[in-house]
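A.B. asks: Just so we're aligned: the sequence shown equals residues 24 to 125 in this note's numbering. Every residue, glycine too, gets a C-beta built ideally from N, C-alpha and C. Please read these numbers as outputs of a predicted model, since none were measured by experiment. Mind looking over this structure? Questions follow.
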Amino acid sequence: MICKNCSKEIPDTVKFCPECGASTAQRDEFFVDSDHLVEEIKKIIDEGIATRIIIKDESDKTLLDIPLAAGVVGALIAPWLAALGAIAALVVKCKIIVEKSN
24 MICKNCSKEI PDTVKFCPEC GASTAQRDEF FVDSDHLVEE IKKIIDEGIA TRIIIKDESD
84 KTLLDIPLAA GVVGALIAPW LAALGAIAAL VVKCKIIVEK SN
């Protein structure tokens, strides 16, 4: 595998590049209106392949960073969803970054 950050050859089994420290997780980024923020996050969690979700505002400031583990139970996610509701009331558009394990 090739590191996306420093272009060095790295083993397929590592989570971070031993050369530069960059994460080897696959990342998807997309923008969503705050009206749809909670439902998009629920959909991502229901897919069950995300290991981390980062929500940023339009100026690229991190608003929420949600670490996820395999088999996350809904009761454990409820506080995060409540926080998302508050965030959605404060911003117009959010960037969602979804990290997925390789």
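Could you tell me the alpha carbon to alpha carbon distance between E32 and C43, rounded to whole angstroms?
C.D. replies: The residue given as residue 32 occupies position 9 in the sequence shown. The residue given as residue 43 occupies position 20 in the sequence shown. Rounded to whole angstroms, E32 to C43 spans 11 Å at the Cα level.
A.B. asks: Determine contact between the region 114 to 123 and the region 41 to 59, defined as no fewer than three beta-carbon pairs at a distance below 8 Å.
C.D. replies: Contact between the region 114 to 123 and the region 41 to 59 is present, because at least three Cβ pairs lie under 8 Å.
A.B. asks: With distances taken from CA atoms, which of M24, D80, T74, L87 is nearest L104?
C.D. replies: Counted from its first residue, the sequence shown places residue 104 at position 81. It is L87 whose Cα lies nearest to the Cα of L104.
A.B. asks: Using the DSSP secondary-structure output, state which residues sit across from V121 in a beta bridge.
C.D. replies: By one-based count along the sequence shown, residue 121 stands at place 98. D51, I76, per the DSSP bridge assignment.
A.B. asks: If you draw a straight line from the C-alpha of R75 to the C-alpha of T85, how long is it?
C.D. replies: The residue you call residue 75 lines up with position 52 of the sequence shown. The residue you call residue 85 lines up with position 62 of the sequence shown. Answer to the nearest angstrom: the Cα atoms are 13 Å apart.
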